[in-house]
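Undergrad: The numbering of the sequence shown is our numbering, which starts it at 15 and goes up by one. C-beta atoms are modelled at their ideal positions from N, C-alpha and C, and glycine is treated no differently. Below: one structure in structure tokens.
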Amino acid sequence: PALVLMMPDPYDPSGGVFTDTDGDGRADPIEGTYRIEVDLTDLAGNRSNANLSLGLDATPVAGSGVSVSINPVFSQPFPNPSNPIPGSGASVRRLERVEIQGTGPDFDVARSTAKLLSRLGGPTSVPHEVLTSLSRVDGKLVLTVSRDQDGDGRDDFENPAPGPYLPPGETDPRLGRNDGTYLVEVRAVDRAGNVAAITREFVLDTTSPRGEPSAPTAGVRLRGPLRVVDAFLDDPAASNGNVGSGIQLSASGIQLDFRGNASHPAARVPGIAFVHSPNATDPTRPDYNPRDTRYKILFEILDGSGQPASLPVDGSADGVYLMTVRTADRAGNDATFVTSFEYTQAATAPLTAPLTLWRP
């Protein structure tokens with residue numbers, strides 16, 4: 015014969031038999047490398063032959079064959095985001111650029127495309143495309159997010175500039191309006207032309223966490239004994255109602271400082287911090303409490319030998335104390351708040367003017 019097609023494996027008992035592997039009613043060829051043997055003779059009797067090879071690939075790019083990274087990346091208060099992001103669960107506080115690249119040689123960046131969508135109305139809402147520009151740089155698809163999403167010539171993403179007429183201490187109600195769930199949809203094409211739809215989901219959270227003193231309360235005057243102080247840690251919903259990314263307990267901290275008195279100078283109080291995660295949803299766990307819905311950080315006072323101890327009740331520790339709490343959410347937003355209380359054993363001692371609660 016003038017043309018012979020050699021199967022990928024001539025010793026395979028199924029060689030030469032194409033079956034319907036995807037249920038579409040048509041036989042599908044076997045993937046692999048085919049060898050084509052050509053033996054030609056013209057009318058004058060001249061003869062030539064050649065061996066050609068052909069690769070057949072009918073498998074689209076797998077989800078693991080594409081990596082999606084979000085920029086910028088921050089190092090504080092902890093490295094975030096951790097690129098490439100997983101299929102879901104990532105949280106970021108800035109969204110400037112999305113980079114998509116193949117993890118193998120078959121990813122065809124020239125024919126592949128991607129887009130960014132927001133789903134801010136809840137898990138069942140219809141996603142809306144975010145205004146971006148797509149470029150191809152160094153073998154990557156790069157989505158650059160427009161800072162002006164509504165086309166009025168002013169930046170409004172991730173948040174608009176603060177309003178000029180806000181009262182002191184007030185938060186602009188427009189801040190956080192773009193917080194919520196985002197989707198990166200990739201139309202991944204390989205060199206053989208197979209097409210796969212690959213999606214990554216993440217949360218944009220630009221709303222800072224908050225802290226609230228639990229015990230002692232802000233500005234209170236109390237008598238001993240006192241061994242533990244604590245505070246609540248909250249990740250509030252954004253101005254559009256979407257929930258935050260959640261408290262990152264590993265990036266939270268607490269310290270207690272003594273302002274000093276007539277006989278003892280100001281000093282840092284030694285202690286150890288503990289964190290508490292609420293469990294109001296899983297009744298199978300021993301720590302279940304349906305009213306326990308808030309994270310908490312606790313500071314237990316230690317004596318000079320590192321053992322738990324209460325503040326002295328002989329008057330030597332009387333004075334004003336500052337409790338400083340640092341907290342962060344999973345997107346990397348962080349906040350610090352300071353509150354004060356007065357510790358005194360004198361029943362008739364005048365109240366020292368406490369420092370008011372403030373947030374820098």
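For D193 and L218, I'd like the C-alpha separation in whole angstroms.
TA: 5 Å
Undergrad: Hey, how far is the Cα of N63 from the Cα of V52?
TA: Taken atom to atom, the span from the alpha-carbon of N63 to that of V52 is near 5 Å.
Undergrad: According to the neighbour-count rule (16 or more other Cβ atoms, all chains shown, within 10 Å of its Cβ), is T370 buried or exposed?
TA: Below a pLDDT of 50, predicted positions are generally treated as unreliable, and T370, at 38, falls in that range; the measurement from the model is reported next regardless. Answer is exposed; the Cβ neighbour count stays below 16.
Undergrad: In or out: A367 buried (at least 16 other Cβ within 10 Å) or exposed?
TA: Any reading at A367 must be qualified, since the residue scores a pLDDT of 43, below 50, and its modelled position is unreliable; no value is offered.
Undergrad: Check each candidate in G285, P187, P297 and name the one with the smallest Cα separation from Q321.
TA: G285
Undergrad: R161 to N85, Cα distance in whole Å?
TA: 14 Å
Undergrad: With distance defined between alpha-carbon atoms, name the residue in G167, P178, G165, E143 nearest to Y196.
TA: E143
Undergrad: Identify every run of the beta strand (DSSP E) within the stretch 304–352, keeping only runs that are complete inside it and at least 3 residues long; order them along the chain.
TA: Listed in chain order, the beta strand (DSSP E) runs fully inside the stretch 304–352 are 309–315, 333–342, counting runs of at least 3 residues.
Undergrad: Going by DSSP, name the residue or residues bridged to V283.
TA: Note: V283 sits in no beta bridge, so no partner.
Undergrad: What does P227 pair with, by DSSP beta-bridge criteria?
TA: DSSP output for P227 lists A245 as bridge partner(s).
Undergrad: Say whether the stretch 328–340 touches the stretch 269–284, bearing in mind that this needs 3 or more beta-carbon pairs closer than 8 Å, one atom from each stretch.
TA: yes
Undergrad: Could you pull the DSSP bridge partners for D271 from this structure?
TA: R282, L336
Undergrad: Whose C-beta lies closer than 8 Å to the C-beta of N65 among residues of the same chain, with five residues either side of it excluded?
TA: R49, I50, E51, V52
Undergrad: Using the DSSP secondary-structure output, state which residues sit across from S149 in a beta bridge.
TA: V156
Undergrad: Is it buried or exposed, L68, if we count other Cβ atoms within 10 angstroms and call 16 or more buried?
TA: exposed
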